[in-house]
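Visitor: Protein chains in written order, with full-length UniProt numbering: chain G, 1 to 336; chain C, 1 to 336. I am attaching a structure below and will ask some questions about it afterwards.
There are 2 protein chains.
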Amino acid sequence: MPSEALTVDQLDEKALLGRIFPRLGPDTALLGPGDDAAVIAAPDGRTVISIDTLVQDADFRLLWPSGYRTTGFDVGWKCVAQNVSDIRAMGAVPTSLVVSLTLPGSTEVAWVEELAAGLAAGIDSLAFERCSVVGGDLGRGSQIVVTAAVTGDLEGRNPVLRSGARPGDVLAHIGSLGLAAGGLAVLESNVDMANPGDSEDHVLAVLAMAQCRPRPPRTGAGPEAAIAGATAMLDVSDGLVRDAGRIARASGMAIDLDAGYLASRAEQLAPAAARLGADPLAWVLGGGEDHGLLATFPPDAVLPEGFVRIGEVTDGAGVTFGGEAPPAIGWDHFAG
Amino acid sequence: MPSEALTVDQLDEKALLGRIFPRLGPDTALLGPGDDAAVIAAPDGRTVISIDTLVQDADFRLLWPSGYRTTGFDVGWKCVAQNVSDIRAMGAVPTSLVVSLTLPGSTEVAWVEELAAGLAAGIDSLAFERCSVVGGDLGRGSQIVVTAAVTGDLEGRNPVLRSGARPGDVLAHIGSLGLAAGGLAVLESNVDMANPGDSEDHVLAVLAMAQCRPRPPRTGAGPEAAIAGATAMLDVSDGLVRDAGRIARASGMAIDLDAGYLASRAEQLAPAAARLGADPLAWVLGGGEDHGLLATFPPDAVLPEGFVRIGEVTDGAGVTFGGEAPPAIGWDHFAG
């Protein structure tokens, strides 16, 4: 990149905000950015809230061994994806984000502008029409840290907790499984991924982008699961076995995963995994960051579109895989 | 400190959370920590929200030139003080905090435990009985970054914006002025402040602690100002002249500061400033981080207890000091 690129230490806070705000998309708040705080609607008298952070060199690299350079757009998009997933997992609809950016002075202003565009695109493409960035904070630091807090509206429904699974419930999932983990392996490998769009290895490029710009299931999936009677739900952010274990523990139940079905999901990733010398089942069972939803439903529930049965809830404790202990592979690596 | 001190890289996330949660004080949420997101009450159908970050070496030093070591308690307390000030400045009451901690692996666990205690003490001592830490996030980074998002309840009132000041309004302030700026000067000096409690220089010790653990005015001050008819209000976080300028600009008005009164406030700090070779008026006019409230009221309003008249609103633009240009000293230094 040219050495004359404008960096954030050449702008004051007001000038940098002037680059960011026009890229954030339409403001949906009762009172948007510009005062000490924003005001958002909470029509049912409750607000759902969560917070999540992306840190350079812990959650992403600016330059990966594969040659891929993480863009500001990637980080903005991923910030939206991971934050709103927590709101959807409660059965709620995202209503606002507040975003704090900690940036080294050497960060290029263009990178920050892309980050703002990635936030806006993430909100728009994941189709949260009631949601926007309503406030933020800017500061300096030795590495890039992007923190967002996200709010949501339960629309009069009860929140879907992790603790409500009952014996005989169906365990169901919607979303990708193992793609982001595979993408992490691609990015960390010596495969040339400097320009994924030009890569002749389309499968590996798709995996890499699933890591950089995860595509959670459609907006409505969380609320639809709540309406369909989901007894427990969470966002799969740390891997299927680990997150299924959280439902099992919170509910005081056991969960058995459908080994045949999950092996078939892994089989689709086998050619890519073979290229990298990796185990695709470890990606499916242990990989996080796809931000699918894992939910339990009563046995007679009609699963919302896109949810697939991947196991069942029984009396007992812990997680099994086709009745056996899950293969002890992979998930500690992804747990962070 | 002993080399065998337990550090965060020796604990997994669950174990570290197990050290933090018991120190956070009573949970006031409808649904507190432990699920994908928390649920808080928003009884009037709106939620006020803001976000603010403290970064090591930008907002605080772990070891200051004066020998003072910033404690986790200081950072937790200051995190609460600066975040809730933004909510009070809207005339609202704080209802929850979500907190993201980015920590180097070498951070001592005891320091993090103190931070949790500082969050709890800040919430308790600043008397926000409806408020608690309802969620969080933990991650690794090269320096300590503490981000909190804070929510508030307007209790049926309109939010007090920066834009409502009218000609003839009284400009009033509640809180400290210049103490935190003086404390920054103390901490950055060669004065021995390794143990402020043992310091024979009580004035300088008070200033140092005003920087490390700012004491904003009492909880009720913001809502009381709203009820008393405040036409504009903000949190003084970047210095009196700069923040008065924000009200002036947002309202399309001029503000004249009471030079005599503010000079008398500076006079109280003169002995301490003289010790450090500093200008106390620069602290009063340019210093931020005291987190007082600056508000405008109609001429016939009864000011809530503790608010002091420090100027007036007139037609025009900009900020004057006794009718003259403000002394051009100090505020760029504190602007960050």
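C-beta atoms are modelled at their ideal positions from N, C-alpha and C, and glycine is treated no differently. Predicted, not measured: the structure shown is a model, and the values here were computed from it.
Counting only Cβ pairs nearer than 9 angstroms, list the residues of chain C close to G/Gln-89.
Guide: Contrary to the premise, residue 89 of chain G reads as Ala rather than Gln in this sequence. The answer, in chain order, is Asp-35, Asp-36, Ala-37.
Visitor: Please name the residues in the segment 50-69 of chain G whose beta-carbon is closer than 9 angstroms to at least one beta-carbon of chain C, in chain order.
Guide: The residues in question are Ser-50, Ile-51, Asp-52, Thr-53, Leu-54, Val-55, Gln-56, Asp-57, Ala-58, Asp-59.
Visitor: Please state the DSSP three-state secondary structure of C/Gln-56.
Guide: In this structure, C/Gln-56 counts as strand in the three-state DSSP scheme.
Visitor: What is the DSSP secondary structure of G/Pro-22, reduced to helix, strand or coil?
Guide: It is helical.
Visitor: Please list the terminal residues of the continuous beta strand (DSSP E) segment that includes G/Glu-312.
Guide: 308-314 is the span of the beta strand (DSSP E), which, as asked, contains G/Glu-312.
Visitor: Is the shortest distance between the beta-carbon of G/Trp-331 and the beta-carbons of chain C less than 8 angstroms?
Guide: Only weak support is given to the placement of G/Trp-331: the predicted model assigns it a pLDDT of 44, under 50, and the value that follows is read from those uncertain coordinates. With 8 angstroms as the cut-off, G/Trp-331 does not count as an interface residue toward chain C.
Visitor: Please list, in chain order, all residues of the same chain as C/His-333 whose beta carbon is under 6 angstroms from its beta carbon, the five residues on each side excluded.
Guide: Because the pLDDT of C/His-333 is 33, which lies under 50, any placement of that residue in the model is unreliable, and the number read from its coordinates should be weighed accordingly. Taken in chain order, the list of residues that qualify is empty.
Visitor: To the nearest angstrom, how far is the alpha carbon of residue 362 of chain G from that of G/Glu-113?
Guide: Lying outside 1 to 336, the shown extent of chain G, residue 362 of chain G is not represented and no answer is given.
Visitor: Mind checking if C/Asp-137 is an interface residue toward chain G, Cβ cutoff 8 angstroms exclusive?
Guide: At least one chain G Cβ lies under 8 angstroms of C/Asp-137.
Visitor: Which of the residues in the segment 224-237 of chain G, read from start to end, lie with their CB under 7 angstroms from any CB of chain C?
Guide: The segment 224-237 of chain G vs chain C, Cβ under 7 angstroms: Leu-234, Asp-235.
Visitor: Could you tell me whether the Cβ of G/Arg-48 comes closer than 8 angstroms to any Cβ of chain C?
Guide: One point to set straight first is that residue 48 of chain G is Val, not Arg, in the sequence displayed. Judged by the 8 angstroms Cβ criterion, G/Val-48 is in contact with chain C.
Visitor: How close, in whole Å, do the beta carbons of G/Gly-135 and C/Ser-237 come, if the pair is a contact with beta carbons under 8 angstroms?
Guide: At roughly 14 angstroms, the Cβ-Cβ gap does not stay under 8 angstroms, so G/Gly-135 and C/Ser-237 are not in contact.
Visitor: Give the straight-line distance between the Cα atoms of C/Ala-172 and C/Gly-105, rounded to the nearest whole angstrom.
Guide: Approximately 46 angstroms, taken between the alpha carbons.
Visitor: On the CB-based measure, 16 or more other CB atoms within 10 Å of its CB, does G/Lys-78 come out buried or exposed?
Guide: Buried, by the Cβ-count rule.
Visitor: In the DSSP output, what is C/Ser-96 paired with across the bridge?
Guide: Looking at the DSSP assignment, C/Ser-96 forms a beta bridge with C/Thr-151.
Visitor: Run through DSSP, which three-state label would G/Leu-11 get?
Guide: Three-state result, G/Leu-11: coil.
Visitor: Could you check what DSSP says for C/Glu-188 in three-state terms: helix, strand or coil?
Guide: Of the three classes helix, strand and coil, the one that applies to C/Glu-188 here is coil, per DSSP.
Visitor: May I ask you to list, following chain order, the residues of the segment 157-171 of chain C that have a beta carbon less than 7 angstroms from some beta carbon of chain G?
Guide: Hits within the stretch, in order: Pro-159, Leu-161, Arg-162.
Visitor: I believe G/Gly-152 touches G/Met-90 by the beta-carbon criterion, under 8 angstroms. Please report the beta-carbon distance rounded to the nearest angstrom.
Guide: Sure, about 7 angstroms apart at Cβ, within 8 angstroms.
Visitor: Can you pull the chain C neighbours of G/Ser-134, defined as C-beta to C-beta under 7 angstroms?
Guide: Looking at the sequence shown, residue 134 of chain G is not Ser but Val. In chain order: Ile-49.
Visitor: Counting contacts by CB-CB distance shorter than 8 angstroms, is G/Ala-149 in contact with chain C?
Guide: Yes, contact with chain C.
Visitor: By the three-class DSSP mapping on this structure, what secondary structure does C/Gly-182 have?
Guide: C/Gly-182 falls in the helix class under three-state DSSP.
Visitor: Check C/Ala-5 in the structure and name its three-state DSSP category.
Guide: Reduced to three states, the DSSP call for C/Ala-5 is coil.
Visitor: Quick check on G/Ser-142: does DSSP put it in helix, strand or coil?
Guide: Correct three-state label for G/Ser-142: coil.
Visitor: Could you tell me whether any Cβ in chain G is nearer than 8 angstroms to the Cβ of C/Ala-42?
Guide: Yes, because at least one Cβ of chain G sits closer than 8 angstroms to the Cβ of C/Ala-42.
Visitor: Between the segment 313-322 of chain C and the segment 245-257 of chain C, are three or more C-beta pairs nearer than 8 angstroms?
Guide: The segment 313-322 of chain C, when compared against the segment 245-257 of chain C, does touch it at the 8 angstroms Cβ threshold.
Visitor: Tell me whether C/Arg-61 sits in a helix, a strand or coil according to DSSP, three-state version.
Guide: Looking at C/Arg-61 - three-state DSSP - the assignment turns out to be coil, as it is neither helix nor strand.
Visitor: If you follow the beta strand (DSSP E) that G/Ala-110 is part of, which residue opens it and which one closes it?
Guide: Taken as a continuous stretch (DSSP letters only), G/Ala-110 belongs to no beta strand (DSSP E), being part of the alpha helix (DSSP H) at 109-125.
Visitor: Counting contacts by CB-CB distance shorter than 8 angstroms, is G/Leu-204 in contact with chain C?
Guide: Not closer than 8 angstroms to any Cβ of chain C, the Cβ of G/Leu-204 fails to qualify, so no.
Visitor: Within the 8 angstroms Cβ cut-off, does C/Ser-106 reach chain G?
Guide: Chain G, which has no Cβ nearer than 8 angstroms to the Cβ of C/Ser-106, makes this no.
Visitor: By the criterion of Cβ-Cβ separation under 7 angstroms, what are the contact partners of C/Thr-102 in chain G?
Guide: Going along chain G in sequence order, the residues near C/Thr-102 (Cβ under 7 angstroms) are Thr-53, Val-55, Val-145.
Visitor: Enumerate, from N- to C-terminal direction, the unbroken beta strand (DSSP E) stretches of 3 or more residues contained entirely within the segment 214-286 of chain C.
Guide: Here the runs fully enclosed are 232-236, 254-257.
Visitor: In chain order, what residues of the same chain have a beta carbon less than 6 angstroms from the beta carbon of C/Thr-47, not counting five sequence neighbours either side?
Guide: Around C/Thr-47: Thr-151.
Visitor: Once you ignore the five residues that flank C/Arg-61 on each side, which residues in its own chain have a CB closer than 8 angstroms to its CB?
Guide: So the qualifying residues of the chain are Thr-70, Leu-187.
Visitor: Looking at the structure shown, is C/Ala-33 part of a helix, part of a strand, or coil, going by DSSP?
Guide: Note that residue 33 of chain C corresponds to Pro in the displayed sequence, not to Ala. C/Pro-33: strand per DSSP, three-state reduction.
Visitor: Which residues in chain G have a C-beta closer than 7 angstroms to the C-beta of C/Gly-220? List them in chain order.
Guide: Residues of chain G passing the Cβ test: none, with the nearest at roughly 17 angstroms.
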